[in-house]
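Student: Before anything else, here's the structure in question.
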Amino acid sequence: MRRGEVRLVEFAPVRGSEADKTRPALIVSNDGANSTAERLGRGVVTVLPLTSNVERIYPFQVLLSAAESGLPRDSKVQAEQVRAVAVSRIGRRIGRVDDRRMADVDAALRLHLAL
Numbered sequence: 084m085r086r087g088e089v090r091l092v093e094f095a096p097v098r099g100s101e102a103d104k105t106r107p108a109l110i111v112s113n114d115g116a117n118s119t120a121e122r123l124g125r126g127v128v129t130v131l132p133l134t135s136n137v138e139r140i141y142p143f144q145v146l147l148s149a150a151e152s153g154l155p156r157d158s159k160v161q162a163e164q165v166r167a168v169a170v171s172r173i174g175r176r177i178g179r180v181d182d183r184r185m186a187d188v189d190a191a192l193r194l195h196l197a198l
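If you want the numbering used here, it's the position in the sequence shown, counting the first as 1, plus 83.
In structure tokens form, the structure reads like this:
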């Protein structure tokens with residue numbers, strides 16, 4: 084499990100406007116933390132949910148084409164929905180985002196978190 088991978092993540096149960104159900108998400112936590120959580124089978128991994136609703140893309144979101152993400156449809160990364168999830172919620176790998184697009188994701192996170 085590595086930063087930049089797109090994986091299925093089980094988000095339910097949720098409240099309000101949180102991203103719900105099992106959906107693709109982008110891993111954004113560092114590889115050291117990710118490998119430790121995976122090896123131990125416990126701990127948390129930081130992810131950003133994806134949605135195929137790409138009608139509007141806000142500055143704190145990043146458009147991913149289907150070709151670059153491994154997904155069946157174009158999707159957007161939702162930096163405003165940043166989550167730490169238990170490693171047990173993370174499922175199979177769907178794809179990977181390249182370094183150039185990860186730089187866009189990092190910028191969206193910085194904007195959303197005012198870093």
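For every residue, glycine included, the Cβ atom is placed at its ideal position computed from N, Cα and C.
Using alpha carbons as the reference points, say which of Gly126, Gly124, Leu123, Gln161 lies closest to Val89.
Tutor: Considering only alpha carbons, the answer is Gln161.
Student: Would you say the region 141 to 149 touches the region 171 to 191, given that touching needs at least three Cβ pairs under 8 Å?
Tutor: Flag = yes, the region 141 to 149 and the region 171 to 191 touch.
Student: In terms of residue numbering, what span does the beta strand (DSSP E) encompassing Glu93 cover?
Tutor: Glu93 -> beta strand (DSSP E) spans 88 to 93.
Student: Fully enclosed by the region 111 to 179, which alpha helix (DSSP H) runs are 4 residues long or longer?
Tutor: Runs found: 114 to 123, 149 to 152.
Student: Suppose the cutoff is 8 Å on Cβ atoms and the five residues either side in sequence are ignored; what does the same chain contact list for Ala149 look like?
Tutor: Counting only Cβ-Cβ distances below 8 Å, and skipping sequence neighbours, we find Pro155, Arg156, Asp157, Ser158.
Student: When you compare only the Cα positions, how much space is there between Asn113 and Ser135?
Tutor: Cα-Cα distance, rounded: 25 Å.
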